[in-house]
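Trainee: For reference, the structure I am asking about is given below.
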Ligand SMILES: Cc1cc2nc3c(=O)[nH]c(=O)nc-3n(C[C@H](O)[C@H](O)[C@H](O)COP(=O)(O)OP(=O)(O)OC[C@H]3O[C@@H](n4cnc5c(N)ncnc54)[C@H](O)[C@@H]3O)c2cc1C
């Protein structure tokens, strides 16, 4: 085993190079800690690069709600919906589902909503700061998004739902006739209605985002170690890690930001984390037939979001609960292609296919805090459907916490000790 790095007051290690890890590492480096990101060479499965690109600050109501759970039976995959609970993965999703049920009571839901609101309110300003600092302000598009429906009944129900929902800092209005006509011109199916959100946003391109954040980190003299952390442990009161190439490392601060894999790492220090791999799927085409100025469009009847990135058009959907080793289900890509075909969306005959896991905790709140297992161990993971939205603000909060400054948001609701109760 090679000892590559020792602890000192001014160094840090971030495990994970997804968007959350990158934003945290950038902030630590900016705050004067010599920071090393440990990430495997092949990072294509990270949710950060396969997501829908939506800065979803409207989603202040946690998905751990009675309404979500009650909707599951009619939203199952075999009934045409997005939800899968594969039988072969029951040992992963059953304990999660029981904890999820326990998080849906009115008081827990209201507390969760209040907590999520405190993170989502500063999320867009944090992205403005992070991207301006990285010289990539143009990657943040603040042009809202659309939700559209294909039947009168779903339009009436969907509009009623959204109008009664708390949507945080965003506002909703009916899409104008012109806006609907613009979307309708891109689809074969007639649209029965739609709403426009103002105050939400989009990242213009995810590969470009990754490049911009990495370039800024490098310009600030941040360091990388290419490898997978194979064990995280505590010795003499301090956390240390070993990579799959045999390198042993420790630092004044170690931050676990490994997305859905974070649960396995935290188990190494004796902390059981009820995280699940909530897998999503996308197809993508290098299509230019979809206007670059069109904000993301949610086809709500199909539970599908269509996003025009600079690098292509992407359709994303599905929530499939399971463990880390579940195999991809090709029927999900086929379903996405069928939706695209039914709507007449401009996807090629053979769009690229991707699947990856959202890191989800049963109360649908992220975990951001300091570990009780070792003084030098911190965590930032579990951002479920909102990791892109929340990455920049998470970076700022983790940076403050680790350097002993006061985080701008109270972190108690996001502490992992909440799962001990
Ligand atoms: C289909 C889909 C659509 C989505 N759409 C949106 C959206 O529109 N808006 C939004 O806000 N969110 C969206 N999300 C959620 C969002 O993508 C995630 O919450 C977010 O990417 C999580 O980021 P992360 O950095 O925590 O994890 P990840 O992106 O999964 O990154 C984890 C990192 O840890 C590394 N890692 C893992 N194990 C190890 C190890 N042992 N050693 C070292 N490194 C390790 C990985 O290689 C990777 O670099 C979507 C997710 C999916 C699947």
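Residue numbers (our numbering): 921 to 1341. Beta carbons: idealized from backbone N, C-alpha and C, even for Gly. Please read these numbers as outputs of a predicted model, since none were measured by experiment.
Given residue 1182, which residues of its chain have a CB within under 6 Å of its CB, disregarding the five upstream and five downstream residues?
Mentor: By one-based count along the chain shown, residue 1182 stands at place 262. 1176 and 1301, listed in sequence order.
Trainee: For the beta strand (DSSP E) that residue 1144 lies in, which residues bound it at each end?
Mentor: Residue mapping note: residue 1144 aligns to position 224 of the chain shown, counting from 1. Residue 1144 -> beta strand (DSSP E) spans 1143-1146.
Trainee: When burial is assigned at 16 or more other CB atoms within 10 Å of the CB, is residue 1216 buried or exposed?
Mentor: Position 296 of the chain shown, counted from the start, is the residue given in the question as residue 1216. It is buried - the Cβ of residue 1216 has at least 16 other Cβ atoms within 10 Å.
Trainee: Can you tell me the Cα-Cα spacing of residue 1193 and residue 1014, whole angstroms?
Mentor: The sequence position of residue 1193 within the chain shown is 273, counting from 1. The sequence position of residue 1014 within the chain shown is 94, counting from 1. Roughly 15 Å between the two C-alpha positions.
Trainee: Give the straight-line distance between the Cα atoms of residue 1092 and residue 1138, rounded to the nearest whole angstrom.
Mentor: If you number the chain shown from 1, residue 1092 lands on position 172. If you number the chain shown from 1, residue 1138 lands on position 218. Computed Cα separation, rounded: 40 Å.
Trainee: In whole angstroms, what is the alpha-carbon distance linking residue 981 and residue 1030?
Mentor: By one-based count along the chain shown, residue 981 stands at place 61. By one-based count along the chain shown, residue 1030 stands at place 110. Computed Cα separation, rounded: 8 Å.
Trainee: Which runs of the beta strand (DSSP E) fall wholly inside the segment 1214-1278 and span at least 3 residues, in chain order?
Mentor: If we require 3 residues or more, the beta strand (DSSP E) runs fully inside the segment 1214-1278 come out as 1217-1219, 1224-1229 and 1232-1242.
Trainee: Give me the residue from 938, 1289, 1198 and 1099 with the minimum Cα distance to residue 1006.
Mentor: As a first step, residue 1006 must be located in the chain shown, where it is residue number 86. Nearest C-alpha to residue 1006: 1198.
Trainee: For residue 1083, which residues in the same chain have their Cβ closer than 7 Å to its Cβ, ignoring the five residues on either side in sequence?
Mentor: In the chain shown, the residue the question calls residue 1083 occupies position 163. So the list reads 1092, once near-sequence residues are dropped.
Trainee: Is residue 1271 near ligand 1, with its Cβ less than 7 Å from a heavy atom?
Mentor: To locate residue 1271, count along the chain shown from 1; it is residue 351. Checking every heavy atom of ligand 1 against the Cβ of residue 1271, none is found closer than 7 Å.
Trainee: To the nearest angstrom, how far is it from the Cα of residue 997 to the Cα of residue 1329?
Mentor: Here residue 997 corresponds to residue number 77 of the chain shown, with the count starting at 1. Here residue 1329 corresponds to residue number 409 of the chain shown, with the count starting at 1. Approximately 38 Å between the Cα atoms of the pair.
Trainee: Compare the Cα-Cα distances from residue 1099 to each of 1067, 1130, 1122 and 1127 and report the closest residue.
Mentor: The residue labelled residue 1099 in the question sits at position 179 within the chain shown. The candidate whose alpha carbon is nearest that of residue 1099 is 1067.
Trainee: How would you call residue 1275, buried or exposed, if buried means at least 16 neighbouring beta carbons within 10 angstroms?
Mentor: Taking the first residue of the chain shown as 1, we reach residue 1275 at position 355. The residue in question, residue 1275, is buried, as its Cβ has 16 or more Cβ neighbours within 10 Å.
Trainee: Taking residue 1153 as the reference, which of 1164, 1189 and 1008 has the closest Cα?
Mentor: Locating residue 1153 in the chain shown gives position 233, where the first residue counts as 1. Looking at the Cα atoms, 1189 is the closest of the given residues.
Trainee: In whole angstroms, what is the alpha-carbon distance linking residue 1118 and residue 1311?
Mentor: Within the chain shown, numbered from 1, the residue matching residue 1118 stands at position 198. Within the chain shown, numbered from 1, the residue matching residue 1311 stands at position 391. The alpha-carbon atoms of residue 1118 and residue 1311 are separated by roughly 21 Å.
Trainee: Buried or exposed, going by whether 16 or more other CB atoms sit within 10 Å of the CB of residue 1021?
Mentor: Translated into positions along the chain shown, residue 1021 becomes position 101. The residue in question, residue 1021, is exposed, as its Cβ has fewer than 16 Cβ neighbours within 10 Å.
Trainee: Roughly how many whole angstroms lie between the Cα atoms of residue 1115 and residue 1079?
Mentor: Stepping through the chain shown from its first residue, residue 1115 is reached at position 195. Stepping through the chain shown from its first residue, residue 1079 is reached at position 159. C-alpha separation (whole angstroms): 7 Å.
Trainee: For residue 1301, does the three-state DSSP call read helix, strand or coil?
Mentor: Residue 1301 sits at position 381 when you count from the first residue of the chain shown. Correct three-state label for residue 1301: strand.
Trainee: Looking at C-alpha atoms only, which residue of 1142, 1299, 1090 and 979 is the closest neighbour of residue 1185?
Mentor: Within the chain shown, numbered from 1, the residue matching residue 1185 stands at position 265. Checking every option, the nearest Cα to that of residue 1185 belongs to 1299.
Trainee: Any idea what DSSP makes of residue 1161, helix, strand or coil?
Mentor: Walking along the chain shown from the start, residue 1161 turns up at place 241. DSSP places residue 1161 in strand when its eight states are reduced to three.
Trainee: Quick check on the burial criterion: 16 or more other C-beta atoms within 10 angstroms. Buried or exposed for residue 1270?
Mentor: Looking up residue 1270 in the chain shown gives position 350. Answer is exposed; the Cβ neighbour count stays below 16.
Trainee: How big is the Cα-Cα spacing for residue 985 and residue 1023?
Mentor: Mapped onto the chain shown, residue 985 falls at position 65. Mapped onto the chain shown, residue 1023 falls at position 103. For residue 985 and residue 1023, the distance between alpha carbons rounds to 7 Å.
Trainee: Is residue 1228 near ligand 1, judged by its Cβ being under 7 Å from some heavy atom?
Mentor: Stepping through the chain shown from its first residue, residue 1228 is reached at position 308. Residue 1228: no, Cβ never under 7 Å from ligand 1.
Trainee: Verify the contact flag: residue 1249, CB atom, against every heavy atom of ligand 1, threshold strictly below 7 Å.
Mentor: The residue given as residue 1249 occupies position 329 in the chain shown. Residue 1249: no, Cβ never under 7 Å from ligand 1.
Trainee: Would the segment 1160-1173 count as touching the segment 1238-1258 if we require 3 or more Cβ pairs under 8 Å?
Mentor: At 8 Å Cβ cutoff, the stretches do not touch.
Trainee: Whose CA, out of 1081, 1041, 1042 and 1048, lies closest to the CA of residue 987?
Mentor: As a position in the chain shown, residue 987 is number 67, starting the count at 1. The shortest C-alpha separation from residue 987 is found at 1081.
Trainee: Indicate, with yes or no, if ligand 1 has a heavy atom lying under 7 Å from the CB of residue 971.
Mentor: Translated into positions along the chain shown, residue 971 becomes position 51. At least one heavy atom of ligand 1 is nearer than 7 Å to the Cβ of residue 971, so yes.
Trainee: Count the CB pairs spanning the segment 1228-1239 and the segment 961-976 that are closer than 8 Å, and state whether there are at least three.
Mentor: Verdict: yes, contact present.
Trainee: If you drop the 5 nearest sequence neighbours on each side, which residues of the same chain put their C-beta closer than 7 Å to that of residue 1150?
Mentor: For the purposes of this step, residue 1150 is taken as residue 230 along the chain shown, with counting starting at 1. 1162, 1163 and 1164, listed in sequence order.
Trainee: Would residue 1256 pass as a contact of residue 1201 if the rule is Cβ separation under 8 Å?
Mentor: By 1-based counting over the chain shown, the position of residue 1256 is 336. By 1-based counting over the chain shown, the position of residue 1201 is 281. It is a contact, given that the beta carbons lie within the stated cut-off.
Trainee: On the premise that residue 1195 lies in contact with residue 1280, defined as a C-beta separation below 8 Å, what is that separation, rounded to the nearest angstrom?
Mentor: For the purposes of this step, residue 1280 is taken as residue 360 along the chain shown, with counting starting at 1. For the purposes of this step, residue 1195 is taken as residue 275 along the chain shown, with counting starting at 1. At roughly 7 Å, the Cβ-Cβ gap stays under 8 Å, so residue 1280 and residue 1195 are in contact.
Trainee: Could you please give me the residues that DSSP links to residue 1169 through a beta bridge?
Mentor: By one-based count along the chain shown, residue 1169 stands at place 249. In the DSSP output, where bridge partners are listed per residue, residue 1169 has 925 and 1161.
Trainee: For residue 1153, which three-state DSSP category applies?
Mentor: Start at 1 with the first residue of the chain shown, and residue 1153 comes out as number 233. It is a strand residue.
Trainee: Assign residue 1108 to one of two classes, buried (16 or more other C-beta atoms within 10 Å of its C-beta) or exposed (fewer than that).
Mentor: Here residue 1108 corresponds to residue number 188 of the chain shown, with the count starting at 1. The residue is exposed, with fewer than 16 neighbouring Cβ atoms inside 10 Å.
Trainee: In chain order, what residues of the same chain have a beta carbon less than 8 Å from the beta carbon of residue 967, not counting five sequence neighbours either side?
Mentor: The count along the chain shown starts at 1 and reaches residue 967 at position 47. Hits under 8 Å: 938, 1179, 1180, 1200, 1276, 1277, 1278, 1279 and 1307.
Trainee: Can you name the start and end residues of the beta strand (DSSP E) that residue 979 belongs to?
Mentor: Translated into positions along the chain shown, residue 979 becomes position 59. Where residue 979 is concerned, there is no enclosing beta strand (DSSP E), given that its DSSP letter is neither H nor E.
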